[in-house]
Amino acid sequence: MTISSCLWANFQAWPLCGRRSQKSILAWAIAVGIQPFCEFDAWAATVHFNSAFLPEGSEYLDLSPFEAGNAIVPGEYIVDVLVNEQPLGRKIIRFMAQEGSDSTPCLSPALLDELGVVRQASSGVTDECIPLSQRVSGANVSFDVPSQQLRLSVPQAAMRRDARGYVNPELWNSGATAGTFAYSANATRTLKGQASDTAYMGYNSGLNLGQWRARYDGSLSWQASPNQLTHQDLNTYVQRDITTLKSQLTLGETYSNGDLFNSLNFRGVQLATDDRMQPQSLRGYAPMIRGIARTGARVVVRQANNIVLETLVAPGAFVIDDLYANGYAGDLAVTVYEADGSQQYFIVPYASVAQLLRPGVSRFSLTAGEVRKGAIDSSPSFMQGTFQHGLNNTFTLEGGVQASEKYWALLTGLAFNTPIGAMSLDLTQSRSQFQSGAEQGESLRLLYNKASPATGSYFNAASYWYSEKGAQNLNDALQRLAFDRRVLDGRAYQRVSNRYQIQAYQSMGAWGQLGASAEIQHYRNASGRDVQYQLNYAKQVGRVGVDLSAIRSAFGIDKMQNSYVLTLNLPFELGDRQSYSQLRASVGRDVAGHFNENLNLSGTAGENHQYGYGVGMQHDGAGGTTGSSAQGQYLGSRVSTAASYSQGAGYSSLGVSASGGVVAHSNGVTFTPYSIDTIAVVSAPGAQGAEVVGYPGVKLDGQGNAVVPYLRPYEFNDVGIDPIGAPMDVELASSIRKVAPRAGAVLAVDFATTTGRSVLIKVKSVDGKALPFGANVKNRAGNSLGMVGQGGQLYARVSDDDEQLFVSWGPSAEQQCTLSIGKQDKERHSPQLQDALCKPVQH
11 MTISSCLWAN FQAWPLCGRR SQKSILAWAI AVGIQPFCEF DAWAATVHFN SAFLPEGSEY
71 LDLSPFEAGN AIVPGEYIVD VLVNEQPLGR KIIRFMAQEG SDSTPCLSPA LLDELGVVRQ
131 ASSGVTDECI PLSQRVSGAN VSFDVPSQQL RLSVPQAAMR RDARGYVNPE LWNSGATAGT
191 FAYSANATRT LKGQASDTAY MGYNSGLNLG QWRARYDGSL SWQASPNQLT HQDLNTYVQR
251 DITTLKSQLT LGETYSNGDL FNSLNFRGVQ LATDDRMQPQ SLRGYAPMIR GIARTGARVV
311 VRQANNIVLE TLVAPGAFVI DDLYANGYAG DLAVTVYEAD GSQQYFIVPY ASVAQLLRPG
371 VSRFSLTAGE VRKGAIDSSP SFMQGTFQHG LNNTFTLEGG VQASEKYWAL LTGLAFNTPI
431 GAMSLDLTQS RSQFQSGAEQ GESLRLLYNK ASPATGSYFN AASYWYSEKG AQNLNDALQR
491 LAFDRRVLDG RAYQRVSNRY QIQAYQSMGA WGQLGASAEI QHYRNASGRD VQYQLNYAKQ
551 VGRVGVDLSA IRSAFGIDKM QNSYVLTLNL PFELGDRQSY SQLRASVGRD VAGHFNENLN
611 LSGTAGENHQ YGYGVGMQHD GAGGTTGSSA QGQYLGSRVS TAASYSQGAG YSSLGVSASG
671 GVVAHSNGVT FTPYSIDTIA VVSAPGAQGA EVVGYPGVKL DGQGNAVVPY LRPYEFNDVG
731 IDPIGAPMDV ELASSIRKVA PRAGAVLAVD FATTTGRSVL IKVKSVDGKA LPFGANVKNR
791 AGNSLGMVGQ GGQLYARVSD DDEQLFVSWG PSAEQQCTLS IGKQDKERHS PQLQDALCKP
851 VQH
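For the sequence shown, the positions run 11 to 853 when this note's numbering is used.
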């Protein structure tokens, strides 16, 4: 070993001595000072320490851990596996001792295949515990003991090519058995001559058992006059993933898929694609990019001069098929930078409508059951099937069939991406049997979308046309049949003949943004039409946001009416930086020509913005009256609450509300202020008061549990605990975990804790000398607590208030001693520095 490498090895090993130097020059001075500890051997594979240079009595110290730096004791470890820095889950890995080297992880061919390593040596290599580099050329593996992370570095040529964001379905976690209940409740009292009281609660309950998820959603409403309590069933179903089909199987009462046909409230069974099971880079529509590189090249894909992808490709044909879908898109500019300095440049059109799919991607749904009663008096049986498939960058085919007792429909359509925008066109043909006889009908839907990020413009249009005869959809047919039976009032049955919708947006840079929309709808069996036009202009003037809106509308046979609103927003800090406030003023002119004014102050406060408030005044020009209002919100660690009060001429109103959820699981019952869908319940025994990372104010309860909401299903999520706020006598073995839940799962994420007060002791022997560096420290039960560091300092976590520790640095009685720990000050929030004498062992 060279002198410089020995210096570096000692510098790296120095933190093991118990303290880190804060200045580089001091660190190097220390490294130089311990040079005599190194045995300089040009052929040595590791650093060796010469114990002769340690203080007297240290010759029995085992210095080998310092020589290895990251020594691994043979055995089984639960480790987090990362391949090329991509986390791939937690595995149990066996480490075997290897003669002349550190322990080696045993990686079976099946495990390597699961990790995406596909090109493995096969010429007689059967031992799982040989180094990875002998099985995969150019690969290496390292294990970080403190973080328990096993890192594999594998050449891309030996890896299976997965889309960006891909998570192996074997890592999707169905979660634990748990019961959930989420609610949103409110109550109001209005005084206007006499009191009027109302209350409402909507709730979502669930039970997770293995792969199955049961759900029941409903609502309760109450009014005092007349005294009436109403309960409504919304959804009742069980559901599970069908992983091989990337779909969800649902049985019970819920709503059908609404991709192509109108959604129906039904009772039955449904199997439908769940796009969330695709990697994020394959969701939605983005075109496939194909090209040919003459050399090893760098490919850069830009959209509106922003780089959306940069990758390296080998000489020859290349394909990029995992671009992230980007809203309403915008053409892609592709530049191929060749190794010889030359460039290729081409444009790939990119516009999207909801019906477009990537090349080779399919989406389907199959539904069968009966329509649930609503405005109709019957529950006819029906079946429905839809299918969509992306043929290439340009075309997506779609089709569907829907049939009931007196109705059937066939849908065919095509979506296409062109340089002038994305469009979709579908035609539905139907046949219905009414009292007046059979009727055939058609409906046509045309969608168009074009976005240009370079110019900041966006345009979207939709057109719907329905034939004079026949039903427009199954809902329409059922309403017509109910009308035939006089179950439905004829005034409620209106037949739309056509509908047009347009939206446009244009950014004008420093001059602001301009938006416009229009919606027109005509009926076949009613006079007049529904029309609404909107125009909006917004601009930031200094710190003030200015918004001007104009609306022109008419419904049925009413005349056109105009209204205008001017709004000013001024954000500012009120008090310290932990608060945020906004002053909002608006003046509007209604359709009758009256002016209405509003002035509102709202904001948040608190260390975690857990408090919200708002006060306002309103003036009604029509009645010449003035009113005022006030609101307050609080986001707690278990529930979210709010209250409001308003008053005006002859009336006053008081309202309160609360929302949140509760989870019953194997470690207890835990409350949360957030909604419950896909969640994790973190558990760290004894660490009550610690915060959930990413959700300030959400703390572990008295049982050491907390709910982490809003996990992204089928993706890796970081779930962590911030130990700040936890008792000083509790230490987390790790503070963050990566999880990939299935949709609707309740994950049980346990964090191991060590309980005991932390002490920092400067230990001396009875003759006043510091104990030898590296001496082993054990407690009364014989468990190792660490070792003595630099200058006789010892940091340990002990369990009793008056713990006796045993220190040894050799086999003889003179090389062993005991010390007693004084009681810790309960009020301190950091380890207390103590001085202690280590007394000889009494035999």
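Glycine included, each C-beta is placed from N, C-alpha and C at the ideal position.
In this text the structure is predicted, and so the values were computed from the model without any measurement.
If you draw a straight line from the Cα of S744 to the Cα of I88, it comes to about 13 Å.
Within the segment 584-667, the runs of beta strand (DSSP E) that reach at least 3 residues and sit entirely inside it are, in chain order, 590-599, 605-615, 621-630, 635-645 and 650-658. Short of 7 Å from the beta carbon of Q531, and not among the five residues preceding or following it, lie these beta carbons of its own chain, in chain order: V506, R509, R539 and D540. By the criterion of a C-beta distance shorter than 6 Å, N267 is surrounded in its chain by A282 and S375, once the five residues flanking it on both sides are discounted. Selection G712, A378, L710 and Y705 evaluated against L721 yields Y705 as nearest (Cα-Cα).
Per DSSP, D332 lies in no alpha helix (DSSP H) and is assigned neither H nor E. P165 and Q313 have their C-alpha atoms spaced approximately 30 Å apart.
If you compare the alpha carbons of Y247, D284, S654 and A234 with that of G278, the shortest gap goes to Y247.
Around the beta carbon of D777, fewer than 16 other beta carbons lie within 10 angstroms, which makes this residue exposed. DSSP places N485 in no beta strand (DSSP E) but in the uninterrupted alpha helix (DSSP H) bounded by L484 to D494. By the Cβ-count criterion, E583 is exposed, with fewer than 16 other Cβ atoms from all chains shown falling within 10 Å of its own Cβ. Annotation for A120: the continuous alpha helix (DSSP H) segment containing it runs P119 to E124. Counting only residues of its own chain and dropping the five nearest sequence neighbours on each side, E380 has a CB closer than 8 Å to the CB of F276, R277, G278, S389, P390, S391 and F392.
Between Q814 and S794 the beta-carbon gap is near 15 Å, outside 8 Å, which marks them as no contact. Following the DSSP letters along the chain, one finds T246 inside the beta strand (DSSP E) bounded by residues Q238 to I252.
Counting C-beta pairs with one atom in each stretch, the segment 820-830 and the segment 746-766 have fewer than three that are closer than 8 Å, which means they do not touch. Three or more pairs of CB atoms, one per stretch, sit closer than 8 Å, so the segment 169-180 contacts the segment 280-296.
Here I689 is not near T187, since their CB atoms are 9 Å or more apart. Per the coordinates, the alpha-carbon of Q852 lies some 13 Å from the alpha-carbon of V817. Non-local beta-carbon contacts of T260 in its own chain, meaning distances under 6 Å to residues more than five positions away in sequence, involve Y247, Q249 and Q280 in chain order. Residue S573 holds the alpha-carbon nearest to the alpha-carbon of A564 among S118, S573 and V556. Here the alpha carbon of Q657 sits roughly 6 Å from the alpha carbon of S638. According to DSSP, W418 shares a beta bridge with A413 and R441. For I831, no beta strand (DSSP E) run applies, since DSSP gives it neither H nor E.
Counting every other CB atom within 10 Å of its CB across the protein chains shown gives Q489 a total of 16 or more, marking it as buried. Residues E607 and T636 of the same chain have their beta carbon placed closer than 6 Å to that of H629, with the five preceding and five following residues left out of the count. DSSP, reduced to helix, strand and coil, places E263 within a strand of the structure shown.
Counting C-beta atoms within 10 angstroms of its own C-beta, T422 has fewer than 16 neighbours from the protein chains shown and is therefore classed as exposed. Here Q641 is actually not in contact with A659; their C-beta atoms are around 20 Å apart, not less than 8 Å. Listed in chain order, the beta strand (DSSP E) elements of length 3 or more contained wholly in the segment 129-212 are 150-154, 159-163, 183-185 and 188-202. Close CB contacts of L125 within its chain, under the 6 Å cut and outside five residues either way in sequence, are with V93 and L98 (chain order).
Sequence-distant Cβ neighbours of V411 in its own chain, meaning closer than 6 Å and more than five residues away, are G395 and L420.
Here the C-alpha atom of V146 lies approximately 40 Å from the C-alpha atom of V702. Following the DSSP letters along the chain, one finds S822 in no beta strand (DSSP E), marked with neither H nor E. About 5 Å separates the CB atoms of N245 and T264; that is less than 8 Å, so the two are in contact.
In this structure, A471 keeps its C-beta atom at 9 Å or more from the C-beta atom of R455.
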